[in-house]
Every structure is written in structure tokens, then in C-alpha cells.
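Engineer: This structure is in C-alpha cells; I'll ask about it shortly.
There are 2 protein chains.
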Amino acid sequence: MKEISGGITAPAGVSACGIHCGIKRRGKDLALIYSEGETLASAVFTTNKIQSASVKLSREHLQDAKARAIIVNSGNANACTGARGYKDAKLITALVARELGVSKEDILIASTGIIGQFLPVAKIRSRIRYLVKSLNCKGNTSAAQAIMTTDTFHKEAAVSFEVSGKSVSIGAMGKGAGMICPSMATMLCFITTDASISKSALEKAFRDSVDKSFHRITVDGDRSTNDSVFILANGIAGNRKIHSGSESFNEFQKALNYVTHKMAKMIVKDGEGAKKFIEIKVAGAQSQEDAKKIGFNIANSSLVKIALGGENPNWGRIASAAGSAGVNVMERKLSIFMGDVRVMKNGCATDYDERKVKEVLADGEIKVSIYLNLGKKDYTVWTSDLTEEYVRTNT
Amino acid sequence: MKEISGGITAPAGVSACGIHCGIKRRGKDLALIYSEGETLASAVFTTNKIQSASVKLSREHLQDAKARAIIVNSGNANACTGARGYKDAKLITALVARELGVSKEDILIASTGIIGQFLPVAKIRSRIRYLVKSLNCKGNTSAAQAIMTTDTFHKEAAVSFEVSGKSVSIGAMGKGAGMICPSMATMLCFITTDASISKSALEKAFRDSVDKSFHRITVDGDRSTNDSVFILANGIAGNRKIHSGSESFNEFQKALNYVTHKMAKMIVKDGEGAKKFIEIKVAGAQSQEDAKKIGFNIANSSLVKIALGGENPNWGRIASAAGSAGVNVMERKLSIFMGDVRVMKNGCATDYDERKVKEVLADGEIKVSIYLNLGKKDYTVWTSDLTEEYVRTNT
Numbered sequence: 016m017k018e019i020s021g022g023i024t025a026p027a028g029v030s031a032c033g034i035h036c037g038i039k040r041r042g043k044d045l046a047l048i049y050s051e052g053e054t055l056a057s058a059v060f061t062t063n064k065i066q067s068a069s070v071k072l073s074r075e076h077l078q079d080a081k082a083r084a085i086i087v088n089s090g091n092a093n094a095c096t097g098a099r100g101y102k103d104a105k106l107i108t109a110l111v112a113r114e115l116g117v118s119k120e121d122i123l124i125a126s127t128g129i130i131g132q133f134l135p136v137a138k139i140r141s142r143i144r145y146l147v148k149s150l151n152c153k154g155n156t157s158a159a160q161a162i163m164t165t166d167t168f169h170k171e172a173a174v175s176f177e178v179s180g181k182s183v184s185i186g187a188m189g190k191g192a193g194m195i196c197p198s199m200a201t202m203l204c205f206i207t208t209d210a211s212i213s214k215s216a217l218e219k220a221f222r223d224s225v226d227k228s229f230h231r232i233t234v235d236g237d238r239s240t241n242d243s244v245f246i247l248a249n250g251i252a253g254n255r256k257i258h259s260g261s262e263s264f265n266e267f268q269k270a271l272n273y274v275t276h277k278m279a280k281m282i283v284k285d286g287e288g289a290k291k292f293i294e295i296k297v298a299g300a301q302s303q304e305d306a307k308k309i310g311f312n313i314a315n316s317s318l319v320k321i322a323l324g325g326e327n328p329n330w331g332r333i334a335s336a337a338g339s340a341g342v343n344v345m346e347r348k349l350s351i352f353m354g355d356v357r358v359m360k361n362g363c364a365t366d367y368d369e370r371k372v373k374e375v376l377a378d379g380e381i382k383v384s385i386y387l388n389l390g391k392k393d394y395t396v397w398t399s400d401l402t403e404e405y406v407r408t409n410t
Numbered sequence: 016m017k018e019i020s021g022g023i024t025a026p027a028g029v030s031a032c033g034i035h036c037g038i039k040r041r042g043k044d045l046a047l048i049y050s051e052g053e054t055l056a057s058a059v060f061t062t063n064k065i066q067s068a069s070v071k072l073s074r075e076h077l078q079d080a081k082a083r084a085i086i087v088n089s090g091n092a093n094a095c096t097g098a099r100g101y102k103d104a105k106l107i108t109a110l111v112a113r114e115l116g117v118s119k120e121d122i123l124i125a126s127t128g129i130i131g132q133f134l135p136v137a138k139i140r141s142r143i144r145y146l147v148k149s150l151n152c153k154g155n156t157s158a159a160q161a162i163m164t165t166d167t168f169h170k171e172a173a174v175s176f177e178v179s180g181k182s183v184s185i186g187a188m189g190k191g192a193g194m195i196c197p198s199m200a201t202m203l204c205f206i207t208t209d210a211s212i213s214k215s216a217l218e219k220a221f222r223d224s225v226d227k228s229f230h231r232i233t234v235d236g237d238r239s240t241n242d243s244v245f246i247l248a249n250g251i252a253g254n255r256k257i258h259s260g261s262e263s264f265n266e267f268q269k270a271l272n273y274v275t276h277k278m279a280k281m282i283v284k285d286g287e288g289a290k291k292f293i294e295i296k297v298a299g300a301q302s303q304e305d306a307k308k309i310g311f312n313i314a315n316s317s318l319v320k321i322a323l324g325g326e327n328p329n330w331g332r333i334a335s336a337a338g339s340a341g342v343n344v345m346e347r348k349l350s351i352f353m354g355d356v357r358v359m360k361n362g363c364a365t366d367y368d369e370r371k372v373k374e375v376l377a378d379g380e381i382k383v384s385i386y387l388n389l390g391k392k393d394y395t396v397w398t399s400d401l402t403e404e405y406v407r408t409n410t
């Protein structure tokens with residue numbers, strides 16, 4: 016497996032583009048991803064009870080597990096827009112379908128931006144012909160730029176690897192989320208592949224990969240109205256079809272995980288105002304669920320994020336957040352490491368070298384490890400620091 | 016019932032004081048509250064699995080539901096200090112007991128400040144005689160000042176009311192918590208009364224009052240290592256003893272609720288960097304538990320708090336936080352008010368008057384109401400806004 020350029024259009028048969036249509040005052044705000052031939056499709060959507068019309072419609076259009084294109088707009092979430100928002104999404108996908116000459120159920124839609132405003136449908140409608148005409152196999156970057164909101168850089172990744180002597184590619188683009196409170200900011204990711212893979216194998220690899228990447232940065236059941244991760248697989252690589260449990264499946268899973276991990280990390284690193292990437296590993300838990308709850312309780316603690324952002328070795332805040340996750344923690348068994356420096360052992364401060372901890376915290380990537388010493392399960396969560404700039408951005 | 020001055024020493028037989036002993040570099044850092052005669056005592060402690068040695072020892076000393084004094088230090092939490100921290104707390108309470116001439120089990124202790132450092136026991140020890148000598152029936156304000164950490168003002172309240180022809184008083188002092196994330200900052204409150212009340216009536220009134228005040232600003236099961244609310248009742252007012260279910264019990268409950276509400280509101284208003292007091296009322300829920308989960312999910316959303324702090328009518332963030340609380344919410348039944356302006360109806364934006372919403376948000380107290388229209392239960396949560404200053408304070 017090797018990293019390649021080309022992002023979302025790296026796989027054969029995939030084209031994309033991004034244009035300005037006027038949803039935002041300035042900059043690109045409309046993207047299209049198109050896949051040639053019969054294409055398997057799947058998605059993982061937000062578990063928020065309030066969902067964007069785009070999420071609702073895409074879920075319906077995915078019932079046959081097939082799709083040909085995804086239209087994505089930034090600047091407007093099309094959420095809390097009721098029946099009209101749904102009708103708008105339906106009209107837009109129908110227009111794209113007509114222009115592409117495919118079935119309207121084969122068009123998916125995703126949105127990100129402000130909640131509670133209707134989409135400027137006339138503006139979008141007037142640009143759909145141009146959007147479709149702009150599709151090209153090198154349109155990955157313009158598409159990735161068109162889905163940005165408060166992101167400071169566009170996010171894409173791609174890898175290639177061999178399956179039965181054929182070169183197979185996976186590409187992706189995504190946009191980020193404010194990292195204080197993943198529940199509120201929208202995370203979108205789009206993945207394409209030219210692998211030939213069975214529907215069930217694709218589904219399995221995709222769900223597993225999302226669980227090990229995007230779900231580590233955004234709590235299940237605690238997400239925005241629009242969060243979505245899509246995958247399209249068109250089989251154009253011509254490899255022997257990948258089935259679950261095979262060696263080629265493992266290769267595919269590995270490559271997919273590489274791409275989703277890279278995208279998830281980029282999203283965290285671009286957290287609004289973020290200066291540091293923080294990995295929180297909780298080990299020695301009685302269950303993975305316990306480890307996850309503790310990990311997210313620490314990662315969502317603003318005081319922990321502020322302390323780490325300020326390079327302040329305040330491990331007491333980490334211990335307190337571990338203790339308040341609502342799961343079993345035994346103070347006298349708890350140890351905490353910052354980098355490889357043990358700052359807490361058996362529930363008490365160690366006589367650690369402050370200079371060494373300062374060095375760990377000065378780095379752009381900080382690893383915090385919490386050992387519960389109660390069992391054998393672990394879980395890792397990724398987050399960013401919290402800065403004054405974040406508050407400014409969101410005021 | 017009327018408000019009176021005197022804070023924690025308003026009730027007869029209660030004296031207090033606050034002094035500097037050197038735990039902090041500057042300012043008072045040690046307080047003592049003393050009650051004459053046989054005194055009923057109770058407390059509600061943090062549910063954090065990591066608990067201060069002070070919490071552990073006070074819980075033990077409360078097993079007989081009696082106490083005579085509470086020593087409180089600021090500047091050091093005596094948390095994550097293991098066996099030594101516990102021994103330190105035990106020594107300090109024993110020294111106070113000896114100086115006061117009471118049983119050592121009758122001394123309670125509370126701490127607030129940095130986690131993971133040992134108490135400077137020698138410094139405290141050398142000042143205990145002076146501390147006890149400083150007790151006086153007008154020491155309420157110096158005591159309230161000595162328990163402050165990042166608080167910008169000291170917090171006290173007191174009321175008096177009549178029971179069976181006798182004047183009864185309730186007094187209180189407290190210290191605040193950073194309000195982004197109540198899980199991490201310590202909230203302490205001390206309540207005294209000269210009411211004659213049965214042990215079970217006191218317990219009932221106290222628990223109920225804490226549930227309706229401090230628990231509305233700090234999530235159960237999600238608290239700091241040191242959070243504690245104490246009550247002392249010495250019976251010196253000489254009223255006919257209050258028993259549960261009586262009219263005088265209702266009077267007592269009302270007065271106690273008045274004091275705890277006032278203290279809780281003061282703590283919220285003094286949230287670090289806070290400029291606004293925000294009341295979030297969730298109504299029409301299927302259960303109070305649902306309403307509470309939604310209320311806290313909104314109150315803990317940094318993006319909501321930042322938006323309201325910036326007087327930005329971004330109700331979409333509120334809707335999204337309501338939808339991600341993990342409980343039943345139906346988008347098409349959801350309405351949201353800011354002040355008395357309905358900004359969302361049946362899941363969609365209303366055509367509200369932006370000028371009116373601006374007026375609501377410009378006020379120092381903002382009320383947000385969420386109507387789920389699914390049932391009859393409601394819950395109200397209090398929080399503050401989130402400002403750049405908060406981040407600065409905590410870095």
C-alpha cells in the first residue's frame with residue numbers, strides 16, 4: 016500500500032468538482048462527486064434526533080445500496096427546515112440526476128453550514144448544468160475546497176494497493192468539526208474506491224473503519240444534525256471480487272483504515288483554533304465501553320483541553336475527569352502518563368521531572384495515557400486543545 | 016420570611032472566621048465554622064470516583080449525623096494524595112477538635128484548590144490556635160472570603176422566618192465553579208440554621224433543596240473531586256421541633272430553598288469569565304429524566320454558551336444539542352423560545368423579529384425555553400455563557 020495523490024478522484028472512474036454558486040458570499044460552496052458504472056454505496060449518519068433534510072433523503076436513496084453521485088453544499092445545513100427543506104433536497108437531487116442521465120434515487124446529498132435557513136434553491140438550480148459540466152478526474156481539490164466551512168485547509172487522502180495483480184485505489188475528502196464539543200459542528204467525509212468488493216464485505220469494512228476513526232473523535236449519540244460519512248465503490252479496478260474474511264479483504268480493510276485514520280486526524284488537527292493534537296488512551300478497563308466513556312469524558316473536558324493547550328501539566332483535571340465518567344474507577348489503582356512520563360501512580364502524584372513533562376507538552380502532538388488497572392480493555396480517543404481563538408471563532 | 020445579613024453566622028450559636036495561613040501565597044485560605052451545643056449535621060458529596068481525602072474523612076465523621084465545626088481550606092484540594100492526604104486531614108480535624116474541646120469525630124473538613132499536592136500541614140497546624148481564637152459571631156464575611164479560589168466575589172446569604180412564635184434563621188456561604196464544565200471545578204456550600212428540627216426532617220428538606228438548586232448547576236455523577244454541600248442545625252432558636260409533613264416543615268423547606276437557590280445562582284453568575292446568567296427550561300418531556308438530560312446537554316454545549324455570550328441568536332445550536340442528548344425528541348414537535356420570542360416552531364424557524372431577540376440576548380439574564388410537546392414533565396438548568404476570558408483564566 017502506498018499513499019498517492021488525487022484524493023477523492025484517485026480511484027478509476029471517479030470525477031469531481033467544486034464551484035461557487037452563491038450559498039456563501041464568497042468561495043466555492045457546491046461540490047459533486049460522480050462515479051461511472053454500477054456503484055455500491057453506503058453511509059453512516061448522525062444519531063442526532065434532529066436531522067438535516069439531506070440526511071433524511073440520502074438515507075432513503077441508499078436503501079438499494081447503490082448510488083452514482085453525491086452533491087454537497089457548504090454554507091447551509093438544510094436542517095430544521097421541515098417539509099420545505101426535504102422538498103428542496105429532493106428537487107436538487109432530481110435536477111442532478113437529470114443532468115447526469117441517471118436515476119434520481121442514485122443521487123445522494125450532503126449539507127453543512129447554518130441551521131434553520133432554507134437552501135437558495137434557485138441559485139443552486141441555475142448552476143447544476145455548470146456543476147455537472149465541470150466534473151473531471153482531477154477535480155478532487157476543488158471539490159474538497161467547496162465543502163469547507165471553518166476549516167483552515169482542505170482535507171484529502173488517497174492510497175493504492177494491489178489485489179489479485181490489479182492496482183486498487185481508495186480516495187477521500189472531508190471537512191472538519193469544532194473540537195470543543197463534537198456534538199455541535201458538522202463532520203463530513205466522502206470515500207471512493209475502484210475496488211470490486213461484495214456488498215456485505217464493503218459494509219463490514221466500512222462500518223469497522225468508521226468505528227475506529229470518526230467515531231473516536233465524535234461521540235455516538237452525541238452528534239450534529241448533518242454528520243455523515245459516505246463510501247462509493249465502482250469495481251472498475253477489475254480485481255477479483257473481495258469477500259469478507261479473505262486475505263484481500265484484510266488488505267482492503269487495512270487501506271481503508273489508513274485513509275479514515277488520516278482523515279479523522281486531519282479533522283482533529285484542524286479543530287477550530289486548535290494548536291495541538293491530543294491522543295487519549297484509556298487502558299486496563301473492565302470493558303471497552305468503560306474505557307470509551309472515560310476517554311470521551313476526558314476529551315470533552317474543556318478544562319483538560321485548556322490546560323493541555325496552555326502546556327500546563329495539570330493532570331489532576333485528567334484524574335477528575337476520569338473519575339466523573341460514571342463508570343468504575345479505583346483511585347488507588349489509577350496511573351496517568353503524559354508522553355512517557357508517569358505523573359500519577361496508584362492515585363498519587365509521582366515525583367516526576369517537570370522539565371520532561373514540559374517537553375512532552377511543548378510538542379504539537381500530545382499523548383496522554385490513563386491506566387485503570389481493573390481489566391484488559393482499552394480505547395483511544397483523539398481530540399484537540401481549546402484556545403481563546405476557538406471562542407472568538409464561534410462568537 | 017425575610018432576607019437578613021450575617022451569612023453563615025446569622026443563626027444563633029454559630030460563629031465563624033477566615034484567616035491567612037500560607038496555603039495560598041496571598042489572601043485568606045483557612046476558614047472555620049463553629050456551632051454551639053448539640054448540632055445535627057448532614058452533607059451531600061461529589062459522586063466522582065476520585066474523592067478528596069477531606070470528603071472521605073467528613074463522610075466518616077458524619078456517620079452519627081452530628082458535628083460541631085467545619086474547617087475549610089482553599090488553595091489545595093487534598094485530592095489524589097493517597098494515605099498521606101487522609102492522615103493529614105485526620106490530624107487537622109483532631110487538632111481543631113482539641114482546640115475547641117470537642118470530640119474529633121465532630122469536626123468536618125472541606126478543601127478546594129489544586130489536585131495532587133500535599134497540604135502544608137505544618138503551616139495549618141501552627142495557625143489552628145489562632146483560627147479558633149478568631150471565631151466570632153460576625154466572622155461570616157471573612158470566612159466566606161477564605162474559601163474563594165477563582166471566585167470574583169464572596170458568596171453568602173441568610174433569611175429569617177417564624178416557627179411557633181420563635182425567630183429561626185438559615186445562613187449560608189459558598190464558592191463557585193468554572194461553568195463551562197461543572198465536572199471539573201469545585202463547588203462548596205455551607206449552610207447553618209438555628210432551627211430545632213428532627214434528624215429525618217432536616218435530611219429530607221436538605222436533600223430536596225440540594226436537588227432543586229446545586230444539582231441543577233452541576234450534573235450528578237459528573238462532578239469534581241471535592242464538591243460538597245454541608246448543613247448544620249443546632250436548635251438554639253428554641254422553636255417547637257419541626258417534623259416532616261408539618262406546616263412548619265413547609266416553611267423551613269421554603270426558606271432553605273430560597274437560600275440554596277440564591278447561592279446556586281450566585282455561583283453560576285460568578286462562573287469564570289461569565290457575563291450572563293442563562294436559564295434553560297425544558298418542558299413537555301415524557302419524563303423529568305429526559306428533560307434533565309436535554310437541559311444539561313444544552314447547558315454543557317460550549318457552542319451554545321459561546322453563541323449566547325456573543326448575543327448571537329443561533330437557536331440551531333440549541334436544537335442540535337436537544338437532539339443529541341440521547342433521549343426522545345421529535346423534530347416536528349419541537350419549539351424553542353428565547354425570552355418570550357418563539358424562534359422555532361414545529362421544528363422550523365419562525366419569522367421572528369430579530370430586533371426583539373437581540374433585546375432578549377442583550378440582557379444579563381437570558382431565558383431559553385425548549386418545548387418538546389411529548390409529555391408533561393419539565394426541568395430547569397442554570398448555566399453561564401462562555402467567554403474568551405474563561406479560556407484565559409484556565410490556561
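So the sequences go chain by chain: A and B. Be aware that the first sequence starts at 16, since it is given in our numbering, and climbs by one per residue. Be aware that the second sequence starts at 16, since it is given in our numbering, and climbs by one per residue. For each residue, glycine too, the CB sits at the ideal point set by N, CA and C. Small disclaimer: the values here were computed from a predicted structure and weren't measured.
1. Chain B beta carbons: is any one of them nearer than 8 angstroms to that of SER198 (chain A)?
2. Return the Cβ separation of ASN254 (chain A) and GLU51 (chain A) in integer angstroms, given the expectation that the two are a contact with Cβ distance under 8 angstroms.
3. Under the assumption that LYS17 (chain A) contacts SER175 (chain A) (Cβ atoms under 8 angstroms), give the Cβ distance between them as a whole number of angstroms.
4. Where does PHE205 (chain A) land, buried or exposed, given buried means 16+ other C-beta within 10 angstroms?
5. For GLY33 (chain A), which residues from the same chain have a beta carbon less than 6 angstroms from its beta carbon, with the 5 sequence-adjacent residues on both sides left out?
6. How would you list, in chain order, the residues of chain A whose beta-carbon sits under 9 angstroms from the beta-carbon of GLN132 (chain B)?
7. ALA252 (chain A) CB to nearest chain B CB: under 8 angstroms?
8. Are the Cβ atoms of THR402 (chain A) and ALA289 (chain A) separated by less than 8 angstroms?
9. Can you name the residues of chain B whose CB is closer than 9 angstroms to the CB of GLY286 (chain A)?
10. If you draw a straight line from the C-alpha of ILE195 (chain A) to the C-alpha of GLY260 (chain B), how long is it?
11. Whose C-beta lies closer than 8 angstroms to the C-beta of ILE129 (chain A) among residues of the same chain, with five residues either side of it excluded?
12. Leaving out five residues before and five after HIS35 (chain B) in sequence, what residues of the same chain have Cβ atoms less than 7 angstroms from its Cβ?
13. Starting from the beta carbon of ASN63 (chain B), find every residue of chain A whose beta carbon is closer than 7 angstroms, and list them in chain order.
14. For VAL59 (chain B), which three-state DSSP category applies?
15. Quick one: complete alpha helix (DSSP H) runs, 4+ long, within the stretch 179-226 of chain B?
16. Tell me which residues share the same chain as ILE65 (chain B) and place their Cβ nearer than 6 angstroms to its Cβ, disregarding the 5 neighbours each side in the sequence.
17. Using beta-carbon positions only, say whether GLY186 (chain B) and MET202 (chain B) come within less than 8 angstroms of one another.
18. Out of curiosity, what's the CA-to-CA distance linking ILE139 (chain B) and ILE86 (chain B)?
19. Looking at C-alpha atoms only, which residue of A:ALA270, A:GLU294 and A:PRO135 is the closest neighbour of LEU106 (chain A)?
20. Measure from the C-beta of ALA94 (chain B) to each C-beta in chain A and report whether the shortest distance is under 8 angstroms.
21. Can you grab the Cα-Cα spacing for the pair LEU318 (chain A) / GLU177 (chain A), in whole Å?
22. Count the other CB atoms within 10 Å of the CB of GLY151 (chain B); is the residue buried (16 or more) or exposed (fewer)?
23. Using the three-state DSSP reduction, which class does ILE162 (chain B) fall into: helix, strand or coil?
24. Within 10 angstroms of its Cβ, does TYR49 (chain B) collect 16 or more other Cβ (buried), or is it exposed?
25. What residues are listed by DSSP as bridge partners for PHE176 (chain B)?
26. Alpha carbon to alpha carbon, what distance is there between HIS258 (chain B) and ILE212 (chain B)?
27. Going straight from the alpha carbon of THR108 (chain A) to that of ILE282 (chain A), what length do you get?
28. Distance check for SER20 (chain A) and ILE232 (chain A), CA to CA, integer angstroms please.
29. Taking ALA210 (chain B) as the reference, give the member of B:ALA56, B:ASP226, B:VAL358 and B:ASN315 with the closest Cα.
30. Output the distance between the C-alpha atoms of GLU369 (chain A) and ASP166 (chain B), rounded to the nearest integer angstrom.
31. Counting along the chain, where does the alpha helix (DSSP H) carrying ALA104 (chain A) start and finish?
32. Using a beta-carbon distance cut-off of less than 7 angstroms, what residues from the stretch 239-271 of chain A approach chain B?
33. Please go through the same chain and pick out, in chain order, the residues whose beta-carbon is closer than 6 angstroms to the beta-carbon of PHE221 (chain B), but skip the five residues on each side of it.
34. Determine the direct distance from the alpha carbon of MET359 (chain B) to that of SER67 (chain B), and round the result to whole angstroms.
35. Considering just the uninterrupted stretch of the alpha helix (DSSP H) at TYR273 (chain A), what are its terminal residues?
36. At a Cβ threshold of 8 angstroms, is VAL117 (chain A) touching chain B?
Structural biologist: In short:
1. Residue placement at SER198 (chain A) is flagged as unreliable, the pLDDT there being 43, under the threshold of 50; the coordinate-derived value follows with that caveat. With 8 angstroms as the cut-off, SER198 (chain A) counts as an interface residue toward chain B.
2. Incorrect: roughly 16 angstroms between the Cβ atoms, too far for contact.
3. About 6 angstroms separates the CB atoms of LYS17 (chain A) and SER175 (chain A); that is less than 8 angstroms, so the two are in contact.
4. The Cβ neighbour count for PHE205 (chain A), taken over all protein chains shown within 10 Å, is at least 16; the residue is labelled buried.
5. Correct list, in chain order: LYS43, ALA46, SER157, ALA158, GLN160 and ALA161.
6. Chain A residues near GLN132 (chain B): GLY331 and ALA364.
7. Closer than 8 angstroms: no.
8. Against a cut-off of 8 angstroms, the Cβ pair of ALA289 (chain A) and THR402 (chain A) comes out as a contact.
9. Residues of chain B with a Cβ closer than 9 angstroms to the Cβ of GLY286 (chain A) do not exist, since the nearest Cβ in that chain sits about 12 angstroms away.
10. Below a pLDDT of 50, predicted positions are generally treated as unreliable, and ILE195 (chain A), at 42, falls in that range; no measurement from the model is reported.
11. Within the same chain, GLY90, ASN91 and ALA92 come within 8 angstroms of ILE129 (chain A) by CB-CB distance, once the 5 residues on both sides are set aside.
12. Non-local C-beta neighbours of HIS35 (chain B) in its own chain, meaning closer than 7 angstroms and more than five positions away in sequence, comprise GLY42, LYS43 and ASP44, ordered along the chain.
13. SER335, GLY338 and SER339, listed in chain order.
14. It is a strand residue.
15. Segments of the alpha helix (DSSP H) lying fully in the stretch 179-226 of chain B: 214-226.
16. Correct list, in chain order: THR240.
17. The answer is no: Cβ separation not under 8 angstroms.
18. Their Cα atoms are separated by approximately 11 angstroms.
19. LEU106 (chain A) has its Cα closest to that of A:PRO135, out of A:ALA270, A:GLU294 and A:PRO135.
20. Yes, ALA94 (chain B) lies at the interface with chain A (some Cβ there is under 8 angstroms from its Cβ).
21. CA-to-CA, the gap between LEU318 (chain A) and GLU177 (chain A) works out to about 46 angstroms.
22. The question names Gly, but residue 151 (chain B) is Asn in the sequence shown. So ASN151 (chain B) ends up on the exposed side.
23. Three-state DSSP puts ILE162 (chain B) in coil, outside helix and strand.
24. Looking at its Cβ environment, which holds 16 or more other Cβ atoms inside 10 Å, TYR49 (chain B) is buried.
25. Under DSSP, PHE176 (chain B) forms a beta bridge with B:VAL183.
26. Whole-angstrom Cα-Cα distance: 6 angstroms.
27. Whole-angstrom Cα-Cα distance: 27 angstroms.
28. Rounded to whole angstroms, ILE232 (chain A) to SER20 (chain A) spans 25 angstroms at the Cα level.
29. Closest by alpha carbon: B:ALA56.
30. A straight-line Cα-Cα distance of about 28 angstroms links GLU369 (chain A) and ASP166 (chain B).
31. Run containing ALA104 (chain A): 97-115, per the alpha helix (DSSP H) assignment.
32. For the stretch 239-271 of chain A, the residues whose beta carbon sits under 7 angstroms from a beta carbon of chain B are, in order, SER239 and THR240.
33. Same-chain partners within the cutoff: SER57 and ILE246.
34. Between SER67 (chain B) and MET359 (chain B), the C-alpha separation is close to 44 angstroms.
35. Counted as a single uninterrupted DSSP element, the alpha helix (DSSP H) harbouring TYR273 (chain A) occupies residues 262-284.
36. With respect to chain B, the C-beta atom of VAL117 (chain A) has no partner C-beta closer than 8 angstroms.
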